[in-house]
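Chains A and B, in that order, are what the protein sequence lines are. Residue numbers for the first sequence follow the working numbering, so the first one is 538 and each next one is one higher. Residue numbers for the second sequence follow the working numbering, so the first one is 538 and each next one is one higher. All C-beta atoms, glycine included, are put in the ideal place defined by N, C-alpha and C. Quantities reported herein were computed from a predicted structural model and do not represent experimental measurements.
2 protein chains.
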Amino acid sequence: MGHVPESRKARSAEAARFEVFLRSRKLKLTGERLAVLASIFQRESHFDAETLHAHLRTAGGNISRATVYRTLDLLVQSGLVRKNSLGASHANYEAAQGDEHHDHLICLNCSQVVEFYRPDIENLQEQICAAHGFKLIHHSLQIFGLCPGCTGQADEGTIRNRVAQLHT
Amino acid sequence: MGHVPESRKARSAEAARFEVFLRSRKLKLTGERLAVLASIFQRESHFDAETLHAHLRTAGGNISRATVYRTLDLLVQSGLVRKNSLGASHANYEAAQGDEHHDHLICLNCSQVVEFYRPDIENLQEQICAAHGFKLIHHSLQIFGLCPGCTGQADEGTIRNRVAQLHT
DNA sequence: TTGGCTGCAAAGGCTTTGCACGCTC
DNA sequence: GAGCGTGCAAAGCCTTTGCAGCCAA
């Protein structure tokens, strides 16, 4: 009992979820898609498409940038990956560990990203939607500032410019 | 006393503020810059660089896209204009009327934008920063949903895709 | 007169797409 | 075998930049 056929390799929980998602859309579970998924869940934190592509190349694969973008799109739609900007004009991504939602605190000097979750903010957003008759579907809250290590270290002019350039 | 030279045309409060800003940086107050500023403050609400450029062209001017971008950058730095994304991958702008700050509620179906201000959210952000030792400099809160008119009207699949494509 | 400013066109950075071949189901 | 998936290269979109002439101060 509990015997697992040797031919069926053990897959991570993420891979299983991705497979279910793909099947539900009659899409295929390819080696490339699994490689992208594995690379994302192997390393923590935030990354962009270019970095992910580089990691996949380094790992020996021959996955194209196009496939990286196409797979990221599917992963976002499946809910396994979240897409953020963190103030940049290009997209940033992060593995959606579990179902917990969080927002981001970003240091304008060293780019460090801190995640936080405040139920009271979630509640306020519901109140705001209700006040305007909106049905809440999604939100994005990003706080920019200076982290403990950078407070007092950063050049004021540089920071001011960086704020002006934020894409939020 | 109090005499104003006739040769000096009356200027809007915004133009005066822009002039002060430019002088402080030893930059020049050109006709193009004034035209961009006037066009922005003539019409309300949110706009992107392309729309602004089109309006300026229609108005008879011959202002280049490059000048539009360069001037928007100066206006953002001066604080007269705010830059937002509203979920789009390109920049959106809005005239900063007075000093009041506000956040945005955006309809995923009809793209309507509602501005709101909640002091309690501002306070929470200060608390979050304090909790992590950050110095708060800037923030961005965007809530996406369906406006009263679009609730129940929108196709669920379309909305889901739109959420996945948001650049936030 | 002297920088800064402008339009133009080209270049840049990120992302998407057309196409012919390849692989999963 | 059918149809989705892939790599490649080209195209797209928005934005920035180099340059020669122009203009505000």
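Once the 5 residues before and after residue i are set aside, which same chain residues still bring their CB inside 8 Å of it?
i: Arg594/A; result: Ile600
i: Ile658/B; result: Asp640, Leu678
i: Leu589/A; result: Val573, Ser576, Ile577, Val605, Leu609, Tyr630
Is it buried or exposed for residue i, if we count other Cβ within 10 angstroms and need 16 for buried?
i: Tyr630/A; result: buried
i: Asp640/B; result: buried
i: Ala667/A; result: exposed
i: Thr705/B; result: buried
i: Val557/A; result: exposed
i: Gln634/A; result: exposed
i: Leu564/B; result: exposed
i: Ala638/B; result: At residue 638/B the sequence reads His, which differs from the Ala that was named. Exposed: under 16 other Cβ atoms inside 10 Å.
i: Ser549/B; result: exposed
i: His627/B; result: exposed
i: Ala596/A; result: exposed
i: Ser615/B; result: buried
Here's a check: name, in chain order, each residue in its chain whose Cβ is nearer than 7 Å to the Cβ of residue i, leaving out the five neighbours to either side.
i: Glu551/A; result: Leu574, Phe578, Leu617
i: Cys687/B; result: Cys644, Asn646, Cys647
i: Gly624/B; result: Ile643, Gln679, Phe681, Leu703, His704, Thr705
Considering only DSSP beta bridges, list what residue i is partnered with.
i: His676/B; result: Ile680/A
i: Phe584/A; result: Tyr630/A
i: His641/A; result: Glu652/A, Gln679/A
i: Lys565/B; result: The partner list for Lys565/B (beta bridge, DSSP) is empty, contrary to what the question assumes.
i: Val613/A; result: Per DSSP, none; premise fails for Val613/A.
i: Val618/A; result: Ala632/A
For residue i, collect the residues of the same chain with a Cβ closer than 6 Å to its Cβ; drop the 5 residues on either side in sequence, then sort them by chain order.
i: Thr604/B; result: Glu569
i: Asn621/A; result: Asn629
i: Val613/B; result: Lys620
i: Ser544/B; result: With a pLDDT of 35 at Ser544/B, under the threshold of 50, the modelled position of this residue cannot be trusted; read the value that follows with caution. So the list is empty, once near-sequence residues are dropped.
What is the rounded straight-line gap between the Cα of residue i and the Cα of residue j?
i: Ser582/B; j: Gln679/A; result: 22 Å
i: Asp585/A; j: Leu642/A; result: 18 Å
i: Glu587/B; j: Arg607/B; result: 13 Å
i: Gln664/A; j: Ala691/B; result: 22 Å
i: His592/A; j: Ser576/A; result: 8 Å
i: Asn698/A; j: Arg602/B; result: 21 Å
i: Glu652/A; j: Ala553/A; result: 26 Å
i: Glu693/B; j: Asp636/B; result: 38 Å
i: Thr695/B; j: Asn660/B; result: 35 Å
i: Gln649/A; j: Phe555/B; result: 34 Å
i: Leu559/A; j: Tyr654/A; result: 30 Å
i: Ser522/A; j: Thr567/A; result: Here chain A has residues from 538 to 705 only, and residue 522/A is not among them.
i: Gln662/B; j: Gly598/B; result: 43 Å
Q: Answer yes if the region 674–683 of chain B comes into contact with the region 669–678 of chain A, meaning at least three C-beta pairs across the two stretches below 8 Å, and no otherwise.
A: yes
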